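Enquirer: Can you read through this structure? Questions will come right after.
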Amino acid sequence: MSVDYVARRARLAALLPAREVPALLVTSPVNVRYLTGLVSSNAAVLVRADGTALLATDNRYIEVARTLDVPSVEAYDVESALVEPGAGIEAAWMSVATYRRLGEGLVPLEPVVELLRAVKDDGELELLRTACEITDQAFADISGKIVPGITERDLARLLDNRMTELGADKPAFDTIVAAGENGAIPHHAPSGRRLRTGDLVTVDFGARYQGYHADMTRTVCLGPPTDWQREIYDLVAEAQRAGRHALAPGAGAREVDAAARTVIEDAGYGSRFRHGLGHGVGLEIHEEPFLGPSRTGRLEDRVPITVEPGVYLPGRGGVRIEDTLVTREGGPELFTKTTKELLVL
1 MSVDYVARRA RLAALLPARE VPALLVTSPV NVRYLTGLVS SNAAVLVRAD
51 GTALLATDNR YIEVARTLDV PSVEAYDVES ALVEPGAGIE AAWMSVATYR
101 RLGEGLVPLE PVVELLRAVK DDGELELLRT ACEITDQAFA DISGKIVPGI
151 TERDLARLLD NRMTELGADK PAFDTIVAAG ENGAIPHHAP SGRRLRTGDL
201 VTVDFGARYQ GYHADMTRTV CLGPPTDWQR EIYDLVAEAQ RAGRHALAPG
251 AGAREVDAAA RTVIEDAGYG SRFRHGLGHG VGLEIHEEPF LGPSRTGRLE
301 DRVPITVEPG VYLPGRGGVR IEDTLVTREG GPELFTKTTK ELLVL
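Numbering (full-length UniProt numbering), first residue to last: 1 to 345.
And the structure:
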């Protein structure tokens with residue numbers, strides 16, 4: 001993917017005067033990568049309001065840094081090498097100890113680069129689309145192995161391996177497989193519990209491709225569903241449709257969440273939907289924007305975001321259905337294409 005990092009830094013520089021800082025010291029590794037292309041465990045970049053920038057990293061990465069389109073200096077203490085009086089800092093990333101060490105006069109700022117990252121360019125969307133295609137194909141390839149007797153852990157391993165075989169860097173996050181009663185735990189860690197006939201099985205996973213993260217959840221049933229299983233599945237599917245249809249540039253994060261949440265609340269299961277409706281995806285698996293009852297702000301065009309309502313019944317099981325979509329003026333574009341009809345295996 002050809003990236004105009006100079007243009008990215010220029011967009012950031014244009015935001016700094018309104019925040020009354022002459023520069024921003026960027027220390028988040030993901031944000032450094034977004035602004036310079038350098039993947040490093042020890043780097044920072046200073047972006048000034050006049051559009052100039054300086055990158056610092058240590059001797060492990062300096063040779064790569066020198067091939068990039070930004071001036072660079074070699075330093076182990078990258079923050080001290082770049083800090084300038086009155087500069088803004090990323091309050092969510094810089095430790096209190098580092099802040100104190102750098103001295104007075106720095107200005108802690110709320111996320112800035114993250115707001116730029118939320119809106120994706122064509123190259124980013126293409127990488128994310130490929131990550132979602134790998135995710136879809138991996139699920140199709142292993143669905144025949146979702147059978148009674150396999151353990152949650154082994155099923156997760158099959159998915160992870162298949163995504164890698166299909167070209168993923170690695171899984172986008174720790175794959176979730178939750179069978180039967182474990183489905184009531186939204187972030188259940190796969191265990192040695194064996195799948196059994198009659199289980200609802202929730203599978204939450206995604207591929208990371210060239211740094212970009214996909215996210216999809218499907219819930220399947222091993223054998224014909226019971227009345228309560230069909231009831232909550234159909235309810236979550238209805239809520240997910242409502243959430244997807246509410247996605248649009250200009251829509252409020254709280255209002256999109258409410259579109260799906262109200263469906264579940266009206267059916268009497270409001271207390272069983274215990275997390276936000278969704279989140280942005282990109283260079284991180286969870287990034288701006290976030291959809292939830294207390295979230296503020298409005299969506300923009302070209303924002304990849306998940307919609308993932310769920311109903312969780314302790315001791316019995318649960319259902320979650322999740323897609324990765326992109327906001328568009330003419331309606332959201334669906335990136336994860338696996339059917340949302342209840343699969344009975």
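All residues carry an ideal CB built from backbone N, CA and C; glycine is no exception.
From a predicted model like this one, the values you see are computed outputs, not experimental measurements.
Could you pull out every unbroken beta strand (DSSP E) segment of at least 3 residues lying fully inside the region 212 to 243, listed in chain order?
Expert: The region 212 to 243 contains these whole beta strand (DSSP E) runs: 216 to 221.
Enquirer: What residue does the beta strand (DSSP E) around Phe139 start on, and which one ends it?
Expert: The count along the sequence shown starts at 1 and reaches residue 139 at position 139. Per DSSP, Phe139 belongs to no beta strand (DSSP E); it is in the alpha helix (DSSP H), 122 to 142.
Enquirer: Between the Cα of Ile142 and the Cα atoms of Leu155, Ala49, Gly105, which residue gives the shortest distance?
Expert: Along the sequence shown, one-based indexing puts residue 142 at 142. The shortest C-alpha separation from Ile142 is found at Leu155.
Enquirer: When DSSP labels each residue in this structure, what does Thr98 get in the three-state scheme?
Expert: Start at 1 with the first residue of the sequence shown, and residue 98 comes out as number 98. Of the three classes helix, strand and coil, the one that applies to Thr98 here is helix, per DSSP.
Enquirer: Do you know how far the Cα of Val26 is from the Cα of Leu102?
Expert: In the sequence shown, counting from the first residue as 1, residue 102 sits at position 102. In the sequence shown, counting from the first residue as 1, residue 26 sits at position 26. Near 14 angstroms, if we compare the C-alpha coordinates of Val26 and Leu102.
Enquirer: With a cut-off of 8 angstroms on the beta carbons, I'd call Leu16 and Gly123 a contact; round off their distance for me.
Expert: Translated into positions along the sequence shown, residue 16 becomes position 16. Translated into positions along the sequence shown, residue 123 becomes position 123. About 25 angstroms separates the two Cβ atoms, so there is no contact after all.
Enquirer: Less than 7 angstroms between C-beta atoms, sequence neighbours within five positions excluded: which residues of the same chain meet that for Thr164?
Expert: For the purposes of this step, residue 164 is taken as the residue at position 164 of the sequence shown. Lys170.
Enquirer: Taking just the CA atoms, how far does Pro190 sit from Arg208?
Expert: Position 208 of the sequence shown, counted from the start, is the residue given in the question as residue 208. Position 190 of the sequence shown, counted from the start, is the residue given in the question as residue 190. Cα-Cα distance, rounded: 20 angstroms.
Enquirer: Can you check whether the CB of Ala81 is closer than 7 angstroms to the CB of Ala56?
Expert: Counting from one through the sequence shown, the residue named residue 56 turns up at place 56. Counting from one through the sequence shown, the residue named residue 81 turns up at place 81. Yes.
Enquirer: Thinking C-alpha only, which one of Lys340, Arg302, Val236 is nearest Arg328?
Expert: By one-based count along the sequence shown, residue 328 stands at place 328. The option with the nearest alpha carbon to Arg328 is Arg302.
Enquirer: Between which two residues does the alpha helix (DSSP H) containing Val6 stretch?
Expert: Indexing the sequence shown from 1 puts residue 6 at position 6. Here the alpha helix (DSSP H) through Val6 covers 5 to 15.
Enquirer: From Asp136, Ser41, Glu231, Gly37, pick the residue whose C-alpha is nearest to that of Ala65; which is it?
Expert: Reading the sequence shown from its first residue, position 65 is the one you call residue 65. Among Asp136, Ser41, Glu231, Gly37, the Cα nearest to that of Ala65 belongs to Gly37.
Enquirer: My output table needs one value for Thr175: the three-state DSSP class, helix, strand or coil.
Expert: The residue you call residue 175 lines up with position 175 of the sequence shown. Residue state, collapsed to three classes: coil.
Enquirer: Assign His245 to one of three DSSP states: helix, strand, or coil.
Expert: The sequence position of residue 245 within the sequence shown is 245, counting from 1. Residue state, collapsed to three classes: helix.
Enquirer: Under the assumption that Arg193 contacts Ala179 (Cβ atoms under 8 angstroms), give the Cβ distance between them as a whole number of angstroms.
Expert: Working through the sequence shown from its first residue, we reach residue 193 at position 193. Working through the sequence shown from its first residue, we reach residue 179 at position 179. About 6 angstroms separates the two Cβ atoms, so the contact holds.
Enquirer: Please report the straight-line C-alpha distance between Thr175 and Glu63, rounded to a whole angstrom.
Expert: Within the sequence shown, numbered from 1, the residue matching residue 175 stands at position 175. Within the sequence shown, numbered from 1, the residue matching residue 63 stands at position 63. About 35 angstroms.
Enquirer: What is the rounded straight-line gap between the Cα of Thr226 and the Cα of Ser294?
Expert: As a working mapping, residue 226 is identified with position 226 in the sequence shown. As a working mapping, residue 294 is identified with position 294 in the sequence shown. Spanning the two alpha carbons is a distance of roughly 35 angstroms.
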